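If you count the sequence shown from 1, position 95 lands on 95 in my numbering, and the numbers rise without skipping.
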Amino acid sequence: MKHLAFGRKLGRDTNARKALLANLASSLFINGAIVTTLVKAKFARPYVEKLITQAKSNKLTSKRLLASVLARQAFIKLNAEIAPGFAQKTSGYTRIIKLRPRAGDAAPMARIELLGQEKVITEGAKKGSEKVLKKNHGRHKDLRHPKSSKV
Numbered sequence: 001m002k003h004l005a006f007g008r009k010l011g012r013d014t015n016a017r018k019a020l021l022a023n024l025a026s027s028l029f030i031n032g033a034i035v036t037t038l039v040k041a042k043f044a045r046p047y048v049e050k051l052i053t054q055a056k057s058n059k060l061t062s063k064r065l066l067a068s069v070l071a072r073q074a075f076i077k078l079n080a081e082i083a084p085g086f087a088q089k090t091s092g093y094t095r096i097i098k099l100r101p102r103a104g105d106a107a108p109m110a111r112i113e114l115l116g117q118e119k120v121i122t123e124g125a126k127k128g129s130e131k132v133l134k135k136n137h138g139r140h141k142d143l144r145h146p147k148s149s150k151v
């Protein structure tokens, strides 16, 4: 029975959960969006929102707290770019978009992204698609262009 059960454990002990949260938050701040399971996205969302609110306060104690939790690159990006971008907002810094289930085990997947970072994500996606074309070297059919006849 799950009476009086509070919070998500994610099948991990306390230290592993804390490390997971810190890594999810760092990856989100560095990349602007991450694809993970729906449960992990829902688990990380309030934590990420609290970190952004802490970064907006711009106090020494807040910076020390963030530096102790986040990776260096994520800490710098959060303080320099992300927090000033949300100066006028009080909450709702992230969005969770449900995706199709994962192929291997049918786990429900989701993309958690920072609002206002869509431009960065689409530019990164375009760069990634160019890399796919270079890797193929013309040997495989390009699925993005249906008129391509290379097989």
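For glycine and all other residues, C-beta sits at the position ideal for the given N, C-alpha and C. Small disclaimer: the values here were computed from a predicted structure and weren't measured.
Annotation for residue 18: the continuous alpha helix (DSSP H) segment containing it runs 14-31.
Counting along the chain, residue 113 sits inside the beta strand (DSSP E) bounded by residues 109-114.
Counted as a single uninterrupted DSSP element, the stretch harbouring residue 82 is not any alpha helix (DSSP H), since DSSP gives it neither H nor E. Beta-carbon to beta-carbon, residue 25 and residue 65 are separated by about 12 Å, too far to satisfy the 8 Å threshold.
For the pair residue 62 and residue 52, the Cα-to-Cα distance works out to about 10 Å.
Judged by DSSP in its simplified three-state form, residue 56 adopts helix. For residue 72, the enclosing alpha helix (DSSP H) covers residues 72-77. Taking residue 37 as reference, the option from 114, 116, 115, 96 with the minimal CA-CA separation is 96.
Within its own chain, the residues whose Cβ lies closer than 7 Å to the Cβ of residue 107, once the five positions on either side in sequence are excluded, are 37, 101, listed in chain order. When C-alpha distances from residue 79 are compared across 13, 103, 116, 67, the shortest belongs to 67. By the neighbour-count definition (other C-beta atoms within 10 Å, threshold 16), residue 94 is a buried residue. Counting along the chain, residue 94 sits inside the beta strand (DSSP E) bounded by residues 94-98.
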